[in-house]
Amino acid sequence: MTVTQVSEKVFLLDTHALGNSGTVAVYALKGAKVALIDCGYASSYEVILQELSEIGISPSEVRYLIPTHVHMDHAGATGHLLKHMPKAEVIAHERAVPHLVDPTRLIQSVTSIFGEKLVQSYGQPLPILQQKITAVGQEMQLDLGGMTLTAMHSPGHAPHQISVLVEEEKLLLSADAVGIVYPNIPTMIPTTPPPSLDPPKLRETISRLSQLDSRKLLVPHYGIRDDVVNVLETTKNKTAAWLSRVRELRKNGVSLDEMVEEFQREVVSESGLRTEDFPRYARLSIRITLMGMLQYFEKIP
Ligand SMILES: [Zn+2]
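Numbering that gives the first Met the number 0 applies: residue 0 is where the sequence shown begins, and numbers increase by one.
As structure tokens, this is what we get:
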């Protein structure tokens, strides 16, 4: 399944990121105006255009592209989509704007962390004209016509992240403020990638999101969750638990590779999967999460 209807006006698009279904979602909100929350990897933009056409949305109807933060899986395709969407403007956090205008430093940083080969599969983000972008500070409201969105700063996973609440339906598009809940893996993997993880800010963000009283969570990685409080609480607790273990293992000289093995064993056992059925993309998610934690402890031991 590629498109899932969440409600009358809300759709989940599966970007089939890097060939894997059920890993990176983009959400289409169809008020009188159309907004996309997140844009996926640059290499996914054609899939998104295709899926929009399946639900009868033409590119010229899209008015807002809202990458929740400038990681490649959320913002990579923004410039590509914009080229096909003449009436669209971009809404992003003010700290994301410089990277959307000139992605050079972002690409360099991502390449130095993840390596050339992986970053090639992500595709190259295109630069976006400054005048096409509206910056969000702490909070901003957007009227789609019959749908009111509140975009709010939600740092921690990244300093340039926003979450979006659909006010009328109380749907919370959390961005990566919540952990990874892949449909094929019935447990959670915290998401704390390098280079700008801030655990205290992440905790604050989760507390704030918990007070919104939202009815459903629309998670980028991946899907629709009714158990909002559970997902937010689990994110807070599991991230804290992994962080304290990583700190300890690091002190004891345990290598990243060994940590990946250990945490993967645990996730596999929690999810009830067999090791041979555990997907590679999930193994990579664990690795990236541990890399972010290790880098954080290098700065703040
Ligand atoms: Zn992400």
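Where is the CB? At the ideal position from N, CA and C, for every residue including glycine.
Which listed residue (the options) has its alpha carbon closest to that of residue i
| i | options | result |
| --- | --- | --- |
| A157 | A91, K116, Y221, G144 | A91 |
| G136 | E93, T147, S108, I36 | E93 |
| V177 | S20, I184, S209 | S209 |
| K86 | H98, Y63, A174 | Y63 |
| A95 | R264, S153, L171, M146 | S153 |
| V109 | L172, V100, P193 | P193 |
| A281 | P102, I179, R202 | I179 |
| E167 | V228, L143, P182 | L143 |
| L211 | T149, A239, Q263, R249 | T149 |
| D101 | P185, P126, L248 | P126 |
| V23 | F296, Q294, S284 | S284 |
Simplified DSSP state of residue i, which is helix, strand or coil
| i | result |
| --- | --- |
| T190 | coil |
| A239 | helix |
| I54 | coil |
| Q107 | helix |
| I127 | coil |
| L210 | Looking at the sequence itself, residue 210 is Gln, so the reference to Leu does not match. The answer is coil: DSSP assigns Q210 none of H, G, I, E or B. |
| A16 | helix |
| V245 | helix |
| M146 | coil |
| L196 | coil |
| A41 | helix |
| E275 | helix |
| E167 | coil |
| N251 | coil |
Short Cβ contact (7 angstroms threshold) for residue i with residue j
| i | j | result |
| --- | --- | --- |
| V33 | V61 | yes |
| Y121 | A76 | no |
| V5 | L12 | no |
| T133 | T288 | no |
| L217 | I223 | yes |
| V25 | L35 | yes |
| R286 | V259 | yes |
| G291 | L196 | yes |
| K250 | R214 | no |
Residue range of the unbroken alpha helix (DSSP H) whose run includes residue i
| i | result |
| --- | --- |
| V100 | 96-100 |
| Y181 | Counting along the chain, Y181 falls outside any alpha helix (DSSP H), and DSSP gives it neither H nor E. |
| L289 | 279-298 |
| L81 | 77-83 |
| S268 | 255-270 |
| H73 | 71-74 |
| E115 | 115-121 |
For residue i: DSSP bridge partner residues
| i | result |
| --- | --- |
| F10 | Q4, A27 |
| M151 | E138, S162 |
| E88 | Y63 |
| A34 | L28, Y63 |
| I132 | V89 |
Residue interval of the beta strand (DSSP E) (run including residue i)
| i | result |
| --- | --- |
| G222 | 222-224 |
| L217 | 215-218 |
| L170 | 170-172 |
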